[in-house]
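Just so you know, full-length UniProt numbering puts 192 at position 192 of the sequence shown, and the rest follows in order with no gaps.
Here is the structure we will look at, set down as structure tokens.
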Amino acid sequence: MDVWSMSSKRIQKSSLHEGSFKDILTFLMDHFSPLEIIEFAIIAKTIWSRRNNWLFEQQFQSPYQVSILIQTELSSIKLWIENGTKQKVTQAARVNRWIAPPLDMFKANWDAAIDKINSWVGIGVIVRNSEGAVTASLCSSMDLIPDPLLGEAIAARRASSFCADLGFQHVILEGDSLLVVKAIQNKEDSWSDSGLVIRDIKILLSKFLSWSILHVHREVNVIAHHLAKFALSCQEDCIMIEDCPPCIKQLL
């Protein structure tokens, strides 16, 4: 599949010929809208990254995987533009609503709730598809040192393994712990307690055909937060397919 064939029609039909960078840039600015120029740049950058990943790290990405990455990044930039945020494009746009993933992808939001008095952690995960429908939900609790970072890391690991158990191939993870998200994105490993959990997550994620992880703010992650709070009262795992506990249904 040609990655360029997934682009907007104006880009597909353009008659751009080989030339200097200045010539290409002039052509783009004369013929394309700002958003189309951004789309062109994302496609070119992603194709170049695919080439480098294969050449230097022997990591192969199919054209379909590349297209998914392009659509995910383009969707994030559109949100950033729509909401007028001044954050960097690589950061999550500050929006107050959950955004569905691209077609054929599943998005898992996770969160952890800490009971410091009883040294207990609740884990909440909700998975939804490109239409926003609930695919699965999970509530789990465990005895744990009351360490918020470790709790969030364990919740992210559970979200990753949950998606793997469900047989998904293309996933997006979202959580409100910026430290955990950055640690997963970082290629370097840490040998701390939370660092070892992060290492497990990286191994789990490497088995998906495509994946990404995003930091979102608490108001976007509110359903996973409610599930995590509910999980503190669960004596055993509560896993529901195409359904969720009553405590969050009014939030959907």
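By construction, the Cβ of each residue, glycine as well, lies at the ideal position given by its N, Cα and C atoms.
Keep in mind the model is a prediction, meaning the values are calculated, not measured.
Within the continuous beta strand (DSSP E) that includes residue i, where are the two ends?
{"i": "F106", "result": "106-115"}
{"i": "W120", "result": "120-128"}
{"i": "residue 262", "result": "No information on residue 262 is available, as it lies outside the stretch 1 to 252 that the chain covers here."}
{"i": "G175", "result": "170-175"}
{"i": "C238", "result": "238-241"}
Taking just the CA atoms, how far does residue j sit from residue i?
{"i": "K28", "j": "S67", "result": "The residue asked about is misnamed: residue 28 is Leu in this sequence, not Lys. So the two alpha carbons sit approximately 21 Å from each other."}
{"i": "A133", "j": "E57", "result": "37 Å"}
{"i": "V222", "j": "L149", "result": "18 Å"}
{"i": "residue 255", "j": "V171", "result": "The question about residue 255 has no answer, for the chain in this structure spans 1 to 252."}
{"i": "I184", "j": "I37", "result": "30 Å"}
{"i": "V121", "j": "V220", "result": "21 Å"}
{"i": "L179", "j": "K229", "result": "21 Å"}
{"i": "E188", "j": "E39", "result": "30 Å"}
{"i": "D165", "j": "V127", "result": "12 Å"}
{"i": "H215", "j": "D243", "result": "25 Å"}
{"i": "I239", "j": "P245", "result": "9 Å"}
{"i": "S194", "j": "I154", "result": "8 Å"}
{"i": "R51", "j": "L196", "result": "30 Å"}
{"i": "Q87", "j": "S33", "result": "Because Q87 sits at a pLDDT of 47, beneath the cut-off of 50, its placement in the model cannot be relied upon, and the following sentence gives the value as read from the coordinates. If you take the alpha carbons of Q87 and S33, they lie about 22 Å apart."}
{"i": "L251", "j": "E152", "result": "22 Å"}
{"i": "K22", "j": "V181", "result": "37 Å"}
{"i": "A156", "j": "S14", "result": "43 Å"}
{"i": "A112", "j": "Q235", "result": "16 Å"}
{"i": "I114", "j": "M142", "result": "10 Å"}
Going by beta-carbon coordinates alone, are residue i and residue j separated by less than 8 Å?
{"i": "A231", "j": "N109", "result": "no"}
{"i": "S140", "j": "I123", "result": "yes"}
{"i": "L227", "j": "Q169", "result": "no"}
{"i": "D104", "j": "S130", "result": "yes"}
{"i": "I203", "j": "S190", "result": "no"}
{"i": "P146", "j": "S177", "result": "no"}
{"i": "residue 258", "j": "L79", "result": "An answer regarding residue 258 cannot be provided, because it is not within the stretch 1 to 252 covered by the chain."}
{"i": "I201", "j": "S160", "result": "yes"}
{"i": "T46", "j": "I11", "result": "no"}
{"i": "residue 254", "j": "R97", "result": "In the structure displayed, the chain extends from 1 to 252; residue 254 sits before or after that span and is not available."}
For residue i, is the classification buried or exposed, using 16 other Cβ atoms within 10 angstroms of its Cβ as the cut-off for buried?
{"i": "G175", "result": "buried"}
{"i": "I213", "result": "buried"}
{"i": "S20", "result": "exposed"}
{"i": "V89", "result": "Reliability fails at V89, whose pLDDT of 44 lies under 50, so the model's placement of it is uncertain and the value that follows must be treated cautiously. When all chains shown are included, V89 counts as exposed."}
{"i": "K107", "result": "buried"}
{"i": "A93", "result": "Reliability fails at A93, whose pLDDT of 44 lies under 50, so the model's placement of it is uncertain and the value that follows must be treated cautiously. Per the 10 Å Cβ criterion, buried."}
{"i": "R218", "result": "exposed"}
{"i": "K249", "result": "exposed"}
{"i": "W54", "result": "exposed"}
{"i": "M1", "result": "Since pLDDT at M1 reaches only 46, below the 50 mark, its modelled position is unreliable, and the value read off the structure follows with that caveat. When all chains shown are included, M1 counts as exposed."}
{"i": "I117", "result": "exposed"}
{"i": "F60", "result": "exposed"}
{"i": "T135", "result": "buried"}
What residue does the alpha helix (DSSP H) around residue i start on, and which one ends it?
{"i": "A228", "result": "222-231"}
{"i": "L35", "result": "34-57"}
{"i": "P246", "result": "246-249"}
{"i": "Q185", "result": "178-185"}
So what does DSSP say about residue i, is it helix, strand or coil?
{"i": "S160", "result": "helix"}
{"i": "L214", "result": "strand"}
{"i": "E219", "result": "coil"}
{"i": "G195", "result": "helix"}
{"i": "L205", "result": "helix"}
{"i": "G151", "result": "helix"}
{"i": "R10", "result": "helix"}
{"i": "W98", "result": "coil"}
{"i": "L103", "result": "coil"}
{"i": "F27", "result": "helix"}
{"i": "C200", "result": "Rather than Cys, the amino acid found at residue 200 in this sequence is Asp. It is helical."}
{"i": "L74", "result": "helix"}
{"i": "P63", "result": "helix"}
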